[in-house]
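**Student:**
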Amino acid sequence: MENVKDSRKLFGHELSPKADIEAIKEKLLSAYADEWIAGYYYMLTAEIIQGPNSGVIAEEFRKEAVEEITKHASEIAKRLNELGVDPPRDFTKLWSISSCKYPPIPDDPFDIDGFIIAAVKAEICAINAYKELFDLTHGVDPATEELAEDLLRDEVRHRTEMTNLLSKEGLARLVKELSGQH
Ligand SMILES: [Fe+2]
Ligand SMILES: [Fe+2]
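Add 13 to the 1-based position in the sequence shown for the numbering used here, that's all there is to it.
1) Does the region 46-54 come into contact with the region 82-90, if we say contact requires no fewer than three beta-carbon pairs (one atom in each stretch) closer than 8 Å?
2) Please report the Cβ distance between Glu190 and Ile129, rounded to the nearest whole angstrom; I am assuming they are in contact, meaning their Cβ atoms lie under 8 Å.
3) Once the 5 residues before and after Asp19 are set aside, which same chain residues still bring their CB inside 7 Å of it?
4) Does the Cβ of His171 have 16 or more other Cβ atoms within 10 Å, making it buried, or fewer, making it exposed?
5) Might you give, ordered along the chain, the residues of its own chain that have their beta carbon closer than 6 Å to the beta carbon of Gly52, omitting 5 neighbours on each side?
6) Which residue marks the beginning of the alpha helix (DSSP H) containing Tyr143, and which one marks its end?
7) Which one of Val169, Ala142 and Thr173 has the shortest CA to CA distance from Glu158?
8) Consider the C-beta atom of Ala205 and the heavy atoms of ligand 1; say whether any pair is separated by less than 7 Å.
9) According to the Cβ coordinates, are Lys144 and Leu165 closer than 8 Å?
10) Just to confirm, is the Cβ distance from Leu179 to Leu187 under 8 Å?
11) Can you tell me the Cα-Cα spacing of Glu60 and Ser67, whole angstroms?
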């Protein structure tokens with residue numbers, strides 16, 4: 014008798030034979046982990062930042078955290094399900110399979126620009142990941158390709174919204190840090 018794993022060969026027949034289904038599943042799983050980790054750090058940021066503007070900025074972080082988890086991670090889990098894959102049952106595995114992880118956050122809760130800079134870097138990593146997923150699926154896996162496009166657009170919006178929260182000095186700091194990375 015075939016076991017459940019064998020029956021999962023039935024999943025994914027909507028893909029072209031040229032599609033690298035294992036690479037697509039792996040990329041979806043790492044993006045799923047990235048979304049949970051970003052959501053966690055956005056919530057953490059909202060809870061710990063301090064200073065005169067912290068209330069407004071915390072609300073922005075909470076709003077984006079909700080979108081990362083309830084839209085992005087959820088949509089990715091649905092697509093994985095369609096491909097016969099469950100997200101990890103072991104929560105600690107999320108960190109190990111995440112390709113973005115999360116940039117270091119400041120020790121000083123008043124360094125709000127530092128927290129925003131970490132978030133912008135996380136969004137840039139997410140944009141790169143969805144661009145890679147798009148390239149991997151383009152023309153061979155339309156369902157995942159469309160998801161990658163949708164999430165890529167959201168992350169570009171997040172990057173812009175986060176960047177707009179920076180002070181003038183914070184923006185200069187971000188530009189300097191990003192140019193040092195390349
Ligand atoms: Fe996201
Ligand atoms: Fe995002």
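We put the beta carbon where it would ideally sit given N, CA and C, even for glycine.
**Tutor:** Taking the definition as stated:
1) Judged by Cβ distances under 8 Å, the region 46-54 makes contact with the region 82-90, as three or more pairs qualify.
2) With a Cβ gap of about 12 Å, Glu190 and Ile129 do not count as contacting.
3) Low local confidence applies: a pLDDT of 49 at Asp19 is under 50, so the model's placement there is unreliable, and no value is given.
4) Result: buried.
5) Contacts found: Ala78, Glu81 and Ile82.
6) Per DSSP, Tyr143 belongs to the alpha helix (DSSP H) from Ile125 to Thr150.
7) Considering only alpha carbons, the answer is Ala142.
8) Residue 205 is absent from the model: the chain starts at 14 and stops at 195.
9) Taking 8 Å as the cut-off, the beta carbon of Lys144 is found closer than this to the beta carbon of Leu165.
10) Taking 8 Å as the Cβ cut-off, Leu179 and Leu187 qualify as a contacting pair.
11) The straight-line gap from Cα to Cα measures roughly 9 Å.
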